[in-house]
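Enquirer:
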Amino acid sequence: MDKKMKKFNILIVGTGGQGQITLLQILTEAALSEGYDIKTSELHGLSQRGGSVEVHLRFGKKIYSPLVSQRKADLIIGLEMQECLKASYYASSKTNFMINKYFVPIPLQKIIPEDIILKNLKKFTKNIEVVPATEICQKKLGTNVVAGVYLISLSAFKKLIPLNPRTILKSIKKIIPEKYLELNLRTFELAKKG
Amino acid sequence: MEELLLNKPEGKVILLGNEAIVRGALEAGVNFVSTYPGTPASEIGDLFFKIANKVGVYFEFSTNEKVALEAGIGASFSGLKTLVAMKSFGLNVALDALLPFLYTGTKGATVIIVADDPSCHSSAQSEENIRPISYLAHIPILEPSDPQECKDFTKLAFQISEKFKIPVMIRTTTRVAHQRMPVRLNPIRATRPGGVVGKFVKEPKRFITLPPRVLEMKKELLEKIEKIKQFSEKSPINLIGRGQTSAKSGKGIITAGVSYLYVMEALKELKISLPVLKLGFFYPLPEEKIKNFIKNFKKVLVIEELEPYLEKEVERLAKDVNCKLKVIGKDLIPEVGELKPEQVTSAIAKFTGLKIACPVGSRRLSFGENLKLKIPRRLPQLCPGCPYWLVISAIKKAVDLKKVIFGGEIGCYMLFGNSPINLQDYLSCMGSSVGIAHGIKKATGQKIITFVGDSSFFHAGIPALINTVFNKSNPLIIILENRTTAMTGHQPHPGAPVIPNGIKIEEIVRACGVKNLKAIDPINQKEFITTIKEFLNKKETSVIIAQRPCIWIKK
Numbered sequence: 005m006d007k008k009m010k011k012f013n014i015l016i017v018g019t020g021g022q023g024q025i026t027l028l029q030i031l032t033e034a035a036l037s038e039g040y041d042i043k044t045s046e047l048h049g050l051s052q053r054g055g056s057v058e059v060h061l062r063f064g065k066k067i068y069s070p071l072v073s074q075r076k077a078d079l080i081i082g083l084e085m086q087e088c089l090k091a092s093y094y095a096s097s098k099t100n101f102m103i104n105k106y107f108v109p110i111p112l113q114k115i116i117p118e119d120i121i122l123k124n125l126k127k128f129t130k131n132i133e134v135v136p137a138t139e140i141c142q143k144k145l146g147t148n149v150v151a152g153v154y155l156i157s158l159s160a161f162k163k164l165i166p167l168n169p170r171t172i173l174k175s176i177k178k179i180i181p182e183k184y185l186e187l188n189l190r191t192f193e194l195a196k197k198g
Numbered sequence: 069m070e071e072l073l074l075n076k077p078e079g080k081v082i083l084l085g086n087e088a089i090v091r092g093a094l095e096a097g098v099n100f101v102s103t104y105p106g107t108p109a110s111e112i113g114d115l116f117f118k119i120a121n122k123v124g125v126y127f128e129f130s131t132n133e134k135v136a137l138e139a140g141i142g143a144s145f146s147g148l149k150t151l152v153a154m155k156s157f158g159l160n161v162a163l164d165a166l167l168p169f170l171y172t173g174t175k176g177a178t179v180i181i182v183a184d185d186p187s188c189h190s191s192a193q194s195e196e197n198i199r200p201i202s203y204l205a206h207i208p209i210l211e212p213s214d215p216q217e218c219k220d221f222t223k224l225a226f227q228i229s230e231k232f233k234i235p236v237m238i239r240t241t242t243r244v245a246h247q248r249m250p251v252r253l254n255p256i257r258a259t260r261p262g263g264v265v266g267k268f269v270k271e272p273k274r275f276i277t278l279p280p281r282v283l284e285m286k287k288e289l290l291e292k293i294e295k296i297k298q299f300s301e302k303s304p305i306n307l308i309g310r311g312q313t314s315a316k317s318g319k320g321i322i323t324a325g326v327s328y329l330y331v332m333e334a335l336k337e338l339k340i341s342l343p344v345l346k347l348g349f350f351y352p353l354p355e356e357k358i359k360n361f362i363k364n365f366k367k368v369l370v371i372e373e374l375e376p377y378l379e380k381e382v383e384r385l386a387k388d389v390n391c392k393l394k395v396i397g398k399d400l401i402p403e404v405g406e407l408k409p410e411q412v413t414s415a416i417a418k419f420t421g422l423k424i425a426c427p428v429g430s431r432r433l434s435f436g437e438n439l440k441l442k443i444p445r446r447l448p449q450l451c452p453g454c455p456y457w458l459v460i461s462a463i464k465k466a467v468d469l470k471k472v473i474f475g476g477e478i479g480c481y482m483l484f485g486n487s488p489i490n491l492q493d494y495l496s497c498m499g500s501s502v503g504i505a506h507g508i509k510k511a512t513g514q515k516i517i518t519f520v521g522d523s524s525f526f527h528a529g530i531p532a533l534i535n536t537v538f539n540k541s542n543p544l545i546i547i548l549e550n551r552t553t554a555m556t557g558h559q560p561h562p563g564a565p566v567i568p569n570g571i572k573i574e575e576i577v578r579a580c581g582v583k584n585l586k587a588i589d590p591i592n593q594k595e596f597i598t599t600i601k602e603f604l605n606k607k608e609t610s611v612i613i614a615q616r617p618c619i620w621i622k623k
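Chains as they are written, first to last, in this note's numbering: chain U, 5 to 198; chain S, 69 to 623.
(1) Between E595(S), G79(S) and A225(S), which has its C-alpha nearest I207(S)'s C-alpha?
(2) Please name the residue, chosen from D399(S), I401(S) and P354(S), that lies closest to L385(S) on a Cα-to-Cα basis.
(3) Taking only runs that begin and end inside the stretch 100-165 of chain S, name each unbroken beta strand (DSSP E) of 3 or more residues, in chain order.
(4) For a cutoff of 7 Å on Cβ pairs, would you count R62(U) as touching chain S?
(5) According to a CB-to-CB cut-off of less than 8 Å, which residues of the stretch 110-124 of chain U neighbour chain S?
(6) Excluding sequence positions up to five away, which residues of its chain have a Cβ less than 7 Å from the Cβ of V90(S)?
(7) Could you tell me whether any Cβ in chain S is nearer than 7 Å to the Cβ of T99(U)?
(8) Taking the beta carbon of K509(S) as the centre, do at least 16 other beta carbons fall within 10 Å, making it buried, or is it exposed?
(9) Whose C-beta lies closer than 7 Å to the C-beta of P304(S) among residues of the same chain, with five residues either side of it excluded?
(10) Measuring alpha carbon to alpha carbon, tell me which residue in R190(U), K183(U) and V59(U) is nearest Y94(U).
(11) What does S69(U) reach in chain S if we use C-beta pairs closer than 7 Å?
(12) Considering just the uninterrupted stretch of the beta strand (DSSP E) at M237(S), what are its terminal residues?
(13) By the DSSP assignment, the alpha helix (DSSP H) with A334(S) in it spans what residues?
(14) What residues of chain S sit near I42(U), judged by a beta carbon separation below 9 Å?
(15) I want to check one thing, is the minimum distance from the CB of K394(S) to the heavy atoms of the ligand NAD below 6 Å?
(16) Does the stretch 342-353 of chain S come close enough to the stretch 320-329 of chain S to have 3 or more Cβ pairs within less than 8 Å?
(17) Could you check which residue in I121(U), K43(U) and K197(U) has the C-alpha nearest to that of L155(U)?
(18) Which same chain residues end up closer than 8 Å to P617(S) when comparing Cβ atoms and leaving out the 5 residues on each side of it in sequence?
(19) Along the chain, where does the beta strand (DSSP E) containing G85(S) start, and where does it finish?
(20) Going by beta-carbon coordinates alone, are I179(U) and Q22(U) separated by less than 7 Å?
(21) Taking DSSP as the reference, what is the three-state secondary structure of H527(S)?
(22) Is the stretch 127-141 of chain S touching the stretch 95-110 of chain S in the sense that three or more CB pairs, one from each, lie closer than 8 Å?
(23) At the 7 Å Cβ level, is P105(S) part of the contact set with chain U, yes or no?
(24) List, in order along the chain, the chain U residues whose C-beta lies closer than 7 Å to that of P488(S)?
(25) Check whether chain S comes within 7 Å of L31(U), counting only Cβ atoms and requiring the distance to be less than that.
(26) Closer than 8 Å by beta-carbon distance: list the chain S residues that pair up with Q24(U), in chain order.
(27) Quick one: which residues of the stretch 540-563 of chain S get their C-beta closer than 7 Å to a C-beta of chain U? List them in chain order.
(28) For K43(U), write down the residues that DSSP places opposite it in a beta bridge.
(29) Starting from R243(S), find everything on chain A with Cβ-Cβ shorter than 8 Å and list it in chain order.
(30) Within 7 Å (strictly less), CB to CB, does I443(S) reach chain U?
(31) If you draw a straight line from the C-alpha of I396(S) to the C-alpha of K367(S), how long is it?
(32) Do we get a CB-CB distance below 7 Å when we pair H189(S) with the residues of chain U?
(33) I'd like to check one pair, Y330(S) with V244(S): are the Cβ atoms closer than 7 Å?
(34) Any idea if N13(U) is buried or exposed, counting beta-carbon neighbours within 10 angstroms, 16 or more meaning buried?
(35) When you compare the CB of L492(S) with every CB in chain U, is at least one pair closer than 7 Å?
(36) Would DSSP call Q247(S) helix, strand or coil?
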């Protein structure tokens, strides 16, 4: 990857409890081992109780702000489809979306259907990829808790994240507790096959 | 977490702001740590809870922030290096103990961490900005911008405290406390296994704030602050960057905390160079440094989150050296909510007369306009399986919801205010639901059910319960005993039996003189419903303790 890359802005959005902070840690460690400066931002506490959760990760030569600016996201990883609509605040025509085909209903609200979501996101960018990560992981690995790890690994293999998949694998080994490591390594391999 | 304890000074590790504060305290050789959990400060206590034994530090979760500070004051009086951590509202609770501590000063160096939460991501009740506490208490306040500074400023705060015998406060905000970056480590100061034993030496002139001595103490305190101001003038944490302070462009920026990062980002993006004064000290301010910075400017932009305290200080100082200076701040920067980087970029562009493609708030690309789609808000929810659902269900069956007032409080159960639960008619600070219920009862005689969590009850609910009994009113108080401080991350409290023989809430309530008292597991819906109906009609105070542990704690 180009070491002169000035900066790369990633947003991971979803609902509380989808493991955003673990994904952030994996990517952060990978960016550090590739020699980048890094800033991240996350939320803890009340907002994690099933509310919307967005985490920000920026890396590059020299990074100041921990928050991605409006319209400045290079990649938005959506762990839940409806949350991507809110994240479009950060999107421009240059933004890539990597979206999990997965819905968490909002209490007392109708689910916004996929076609409406995509129609609206396309007003910002053409680069939208929808992957049934939750379904794939459930089917192939017997659990969907690793859908996020699948999506970031897949993003790396597809070169949507300018980090080497091997460094991501290394940081998965560092961040994930031993008890769950084997499952996560299998998830990484599954993403490799695409 | 192991990385937090690494003792290799070379290389960097990624730390969260709160982790960096813990590391800074360890590098400074801290001996004694106390806290009450509160987001965004909670991880400081959580980490010490895990590592205290290993690193030879005494650590406790205290019953509330005032008690935490008092424990810290005792440790400091006994010569120990002390750290006390809390969130913004905690400082309100601790304030009574804080002011005299400034008068006595410290013996063991003492640092107090207070975390504000602009935008109220994890806070109800108010969007607090604790900075003016420094005017009230005369306590030095440092404001770090990022995790590296969290570590460095914590160490510096210990040094200042050591040197001037005064407690020093570090003020973080959510975006600092919950920011990660690679941080350079220094060695951890070795502490004795099992901790350091302090010694309290009797020095009546030093620790007793009784008149007439108290006024001498105030004089001594103000003298200390004057000396610290000199220290602040020379301190490299108040730094001028980006170009000269000369008046070439006639403009400059003054900023502090996380706003500094947005300023630097904006200057890079706008490709302009402006002199920037970043203030690490909020109090006492390096007034001469500020005066020197502004004396030749035509305009200065002050970029700070929330209320414009810095802006007012700069306006005041400008009168001495540059009375024509235009001080701009809240004209361009919002006073409500945390700052976003694009707001700062937009403000700097306006300030320097640059045109940018899409300034914040431009209709063309504003968020809702572009989507033409209403996106429903996803509010936090009680977890599926939360024992509180059982309490909610029983209440909805037991009473006419329109005829009963419901009192709210701080804890997971403040979500009772959201749909579809809607069991909340007022919400204020911790411990207040009972106190306010008593007032409403006395004022109206209307039926009222009020909720208080177990950790909240220990924190500030007990005096309110005693008042209700003593002054004879009859709300129905439901104590939600889930055996943990759930919302902030499941920290233990005095009734939660991480330590065997936790204090029994039932015995406290009985000792407070409550006759109508029942402890019920709300899984027994029938008994719960009958008791609500029965107690709601009592002439004296009644209490139901809803006993069922949070689903996330190990039984």
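Note that beta-carbon positions come from the ideal geometry of N, C-alpha and C, so glycine has one too. Bear in mind that the values here come from a model prediction, so they are computed numbers and not experimental data.
Expert: Straight from the coordinates:
(1) A225(S)
(2) P354(S)
(3) Residue ranges of uninterrupted beta strand (DSSP E) with 3 or more members, entirely inside the stretch 100-165 of chain S and ordered along the chain, are 100-103, 126-129 and 150-155.
(4) Taking Cβ atoms only, chain S never reaches closer than 7 Å to R62(U), which makes this a no.
(5) I110, P111, L112, Q113, I116, I120 and N124
(6) L72, I112, L115 and F116
(7) The beta carbon of T99(U) sits no closer than 7 Å to any beta carbon of chain S.
(8) buried
(9) none
(10) V59(U)
(11) L329, Y330, E333 and P409
(12) V236 to T241
(13) S327 to L338
(14) I82, R248, M249 and P250
(15) The ligand NAD is absent from the structure shown, which contains no ligand whatsoever.
(16) Because the criterion of three Cβ pairs below 8 Å is met, the stretch 342-353 of chain S and the stretch 320-329 of chain S touch.
(17) K197(U)
(18) P455, N550, R551, T552 and K623
(19) For G85(S), no beta strand (DSSP E) segment is defined; the enclosing uninterrupted segment is the alpha helix (DSSP H) at G85 to A96.
(20) no
(21) Residue state, collapsed to three classes: helix.
(22) yes
(23) no
(24) P111 and L112
(25) no
(26) In chain order: nothing, as chain S lies at least about 12 Å away.
(27) M555 and T556
(28) Under DSSP, K43(U) takes part in a beta bridge, and its partners are R62(U).
(29) No chain A appears in this structure, whose protein chains are U and S.
(30) yes
(31) Going by the C-alpha atoms only, they are around 7 Å apart.
(32) yes
(33) no
(34) It is buried - the Cβ of N13(U) has at least 16 other Cβ atoms within 10 Å.
(35) The sequence shown places Gln at residue 492(S), not Leu. No, Q492(S) does not count as interfacial toward chain U.
(36) DSSP places Q247(S) in the strand class (E or B) of the three-state scheme.
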